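All remarks here apply to the structure that follows.
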Amino acid sequence: MKKLYIVLFAFIGLTATTTTAQDYKDVAHIFYSRCTSCHHLNQHAPPMMNYSQTMNLAYALSADLTGNRMPPWPPDTLYSRFTHEHIITASEKADLLSWINQGFTMGDTTLAPTPPTYQQYQLNGTPDLILSTGAFASNATLTADAYDCFSLPTGLLQDRILRAYEIVPGNVPIVHHVVVNLDSMATTTSNTAGNCWTITGDIGIGGYAPGSPPTVFPGQAPLKAGIRIKAGSKLVLQIHYPAGTGGQMDNTQIRLYFYPIGTTGVRTIYNSVPLQLWSLPIPANTTQTFTQNYALSGDISLFAVFPHSHKICTKITNYAFLGTDTIKEIKIDNWRFDWQGYYTFPNLKKIPNNYTLHSMHFYDNTTNNLNNPHNPPQNVQAGTSTTDEMFFDAIQWLVYQPGDENIDVASILANDPLLANVNDLATSSFQSYVYPNPANDKVNIYLSKKADYKIGIYTIAGQNVLQTKTSEDATALDVKNIANGLYLVEIKDIKSGETISKKIIILH
Ligand code: HEC
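FYI, my numbering numbers position 258 of the sequence shown as 259, with every residue one higher than the one before it.
Now the structure itself:
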């Protein structure tokens with residue numbers, strides 16, 4: 002009797018929603034576009050590149066999806082949007098859950114789309130400079146984290162402008178995060194005793210946290226931007242090795258791309274930490290809210306925000322205000338120390354002169370906070386150790402120029418040749434997954450929702466070589482007759498006008 006119910010139920014389920022996924026082959030593209038950028042070999046997350054690897058995580062899949070823990074994206078997307086969002090649409094999530102609830106049906110896995118290939122480095126092209134820490138054994142103990150600072154001479158003979166960088170841990174699972182500062186005066190030295198809580202250097206460059214993409218500043222009209230690096234300066238890399246990693250080897254590198262010498266019109270990106278607070282008394286078993294304000298003197302264009310706290314903190318909100326008017330920046334209602342980084346706005350965000358930057362951090366020092374490093378809770382103060390607390394919100398910004406608010410950073414980056422390998426740049430209401438890349442005779446396009454689409458393939462010079470329309474969420478284009486080369490696939494939602502473009506290489 003029980004069996005019959007299940008059969009009937011499954012049957013009704015199938016007829017009611019004809020798009021319900023059934024086999025692995027029907028959901029594989031969701032894992033490939035939403036999960037495997039972190040979940041592949043040599044990354045910090047367990048691989049999920051095929052059916053059997055996915056089944057190794059079966060025990061946690063449903064709970065992590067329904068609990069919104071995976072894919073990890075703490076910022077509230079109803080408050081503000083960013084480039085490089087790790088998100089999943091409601092319909093994709095429903096498809097995964099229905100596949101899970103139907104018992105993870107394997108089906109014929111040879112019909113599944115080809116998994117994406119990941120290169121060792123995410124940025125295309127050859128870096129102008131590669132600096133590395135050299136072989137280093139983590140000096141964390143079983144119970145204490147280690148923070149080590151490596152001061153690396155750039156050896157630059159003339160001033161350069163940084164256009165992009167990629168931080169590549171030598172041993173991904175043991176590198177918790179990396180913070181990079183510039184030491185323009187070259188006065189710092191390495192401190193690898195494991196207690197380099199505070200990084201030296203005079204100019205913030207950026208950093209790396211698990212899953213964070215490489216940093217690329219817009220490098221083509223209407224916005225060329227970068228960070229100026231003085232000849233002879235040093236870069237300081239602060240690396241956090243978590244407790245338990247002692248003795249394991251690492252060799253982290255930073256790969257730097259500069260504008261060609263003599264490039265003009267490059268605007269400076271500044272890193273500042275206008276909102277910080279070093280008095281944070283948080284008694285055990287209490288919750289506390291702290292706020293900070295910073296009044297601007299001069300119009301600025303915000304490029305990115307980097308809110309920062311440790312493990313007692315559970316919520317952070319940043320906005321700018323004048324009277325009752327607010328300009329939203331970022332809202333994180335489930336702050337997680339493990340997921341942090343620079344959040345880049347899809348458009349430059351103008352904050353006018355007389356506005357005040359505001360930040361609120363909420364700290365939950367009770368047992369309700371599952372990330373509380375102390376059990377039972379202890380009195381906590383401001384400090385740089387992970388078991389202390391911090392309130393330290395950085396911004397990356399430019400001096401405002403008229404028209405900045407119209408600069409579409411997301412699409413400049415989407416067309417950046419350095420980023421042609423990075424498949425998750427999208428801020429539109431639909432997402433696409435184009436594979437394989439390079440393509441031989443067929444290009445498959447998966448779309449996150451059904452709509453009327455116009456799809457075109459263009460040469461880099463803008464010449465159209467293929468044009469088609471579809472109302473489906475999956476389509477295959479025959480590219481047998483298209484010459485070898487680099488192309489742009491443009492997918493336009495006809496009704497909303499939103500367009501996604503992806504680079505693809507055709508190689509017969
Ligand atoms: C930004 C990187 C990133 C993305 C994208 C991502 N994950 Fe994860 N995932 C991780 C990391 C890192 C871990 C290891 C555990 C941790 O630190 O939370 C993990 C762990 C997991 C686990 C195991 C958790 C456990 O309790 O053992 C599951 C299941 C999972 N992810 C599912 C997914 C699914 C499904 C997607 C896509 C819809 C996804 N993840 C996307 C980084 C990511």
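For every residue, glycine included, the Cβ atom is placed at its ideal position computed from N, Cα and C.
Fair warning: this is a prediction, and the values are worked out from it, not measured in the lab.
_Minimum C-alpha distance to Tyr459 - residue among Thr106, Asn182, Asn485, Leu124_ = Locating residue 459 in the sequence shown gives position 458, counting from the first residue. For Tyr459, the closest C-alpha among the options Thr106, Asn182, Asn485, Leu124 is that of Asn485.
_Three-state class that DSSP yields for Leu426 in the structure shown_ = Taking the first residue of the sequence shown as position 1, residue 426 is located at position 425. Interpretation of Leu426 is limited by its pLDDT of 35, a score under 50 that renders its predicted location unreliable; no figure is taken from the coordinates.
*Distance cut 6 Å, beta-carbon to ligand 1 heavy atom: residue list by chain order*: With 6 Å as the limit, the residues whose C-beta approaches a heavy atom of ligand 1 more closely than that are Arg35, Cys36, Ser38, Cys39, His40, His45, Ala46, Leu58, Ala61, Leu62, Asp65, Leu66, Met71, Pro72, Pro73, His87, Ile89, Pro211, Gly212, Asp339, in chain order.
*Answer yes or no: the CB of Asp453 versus the heavy atoms of ligand 2, is any distance below 8 Å?*
This structure lacks ligand 2; the ligands present are ligand 1.
*asked:* Can you tell me whether Phe218 is helix, strand or coil according to DSSP?
replied: Locating residue 218 in the sequence shown gives position 217, where the first residue counts as 1. If DSSP states are grouped into helix, strand and coil, Phe218 belongs with coil.
*Alpha carbon to alpha carbon, how far is Thr476 from Asp453? Give it in angstroms, no decimals.*
By 1-based counting over the sequence shown, the position of residue 453 is 452. By 1-based counting over the sequence shown, the position of residue 476 is 475. In this model, Asp453 and Thr476 are separated by some 12 Å (Cα to Cα).
*Check whether the stretch 293 to 304 touches the stretch 343 to 355, taking contact to mean three or more Cβ pairs, one atom from each stretch, closer than 8 Å.*
Between the stretch 293 to 304 and the stretch 343 to 355 there are three or more inter-stretch CB-CB distances shorter than 8 Å, so the stretches are counted as touching.
_Given this structure, state the Cα-to-Cα distance separating Thr327 from Leu358, to the nearest angstrom._
Taking the first residue of the sequence shown as 1, we reach residue 327 at position 326. Taking the first residue of the sequence shown as 1, we reach residue 358 at position 357. Rounded to the nearest angstrom, the gap between the Cα atoms of Thr327 and Leu358 is 10 Å.
*Pick out whichever of Pro48, Gln254, Gln120, Asp300 has its Cα sitting closest to the Cα of Val400.*
Your numbering for residue 400 matches position 399 in the sequence shown. Among Pro48, Gln254, Gln120, Asp300, the Cα nearest to that of Val400 belongs to Asp300.
*asked:* For Gly220, count the other beta carbons within 10 Å of its own beta carbon; 16 or more makes it buried, fewer makes it exposed. Which is it?
replied: As a position in the sequence shown, residue 220 is number 219, starting the count at 1. Its Cβ being crowded by 16 or more others within 10 Å, Gly220 is buried.
_Just verifying my parser: in three-state terms, what is the DSSP assignment at Met250?_
Start at 1 with the first residue of the sequence shown, and residue 250 comes out as number 249. Three-state result, Met250: strand.
*Coarse secondary structure for Asp77, derived from DSSP in three states*: Indexing the sequence shown from 1 puts residue 77 at position 76. Here Asp77 sits in coil by DSSP.
*Continuous alpha helix (DSSP H) stretch holding Gln54: start and end*: One-based indexing of the sequence shown puts residue 54 at position 53. For Gln54, the enclosing alpha helix (DSSP H) has its first and last residue at 52 to 57.
*asked:* Taking the beta carbon of Ile446 as the centre, do at least 16 other beta carbons fall within 10 Å, making it buried, or is it exposed?
replied: Numbered from 1 along the sequence shown, position 445 holds the residue referred to as residue 446. Note on Ile446: 16 or more other CB atoms within 10 angstroms of its CB, so buried under the neighbour-count rule.
*Could you tell me which uninterrupted alpha helix (DSSP H) segments, each at least 4 residues in length, are contained entirely in the stretch 392 to 425, listed from first to last along the chain?*
Complete alpha helix (DSSP H) runs here, min 4: 410 to 415.
*Host alpha helix (DSSP H) of Val28 (start-end)*: As a first step, residue 28 must be located in the sequence shown, where it is residue number 27. Val28 -> alpha helix (DSSP H) spans 25 to 35.
*Could you check what DSSP says for Glu491 in three-state terms: helix, strand or coil?*
Within the sequence shown, residue 491 is the residue found at index 490, counting from 1. In the structure shown, Glu491 sits in a strand (DSSP, three-state: E or B).
*Between the C-alpha atoms of Gly248 and Leu158, what's the straight-line distance to the nearest angstrom?*
Residue 248 sits at position 247 when you count from the first residue of the sequence shown. Residue 158 sits at position 157 when you count from the first residue of the sequence shown. Distance between the alpha carbons of Gly248 and Leu158: 36 Å.
_I'd like the list of long-range same chain contacts for Ala427, defined as Cβ closer than 7 Å, with 5 residues on each side in sequence excluded._
Position 426 of the sequence shown holds residue 427. Residue confidence is low: Ala427 scores 38 on pLDDT, short of 50, so the model does not pin down where it sits. No coordinate-derived value is stated.
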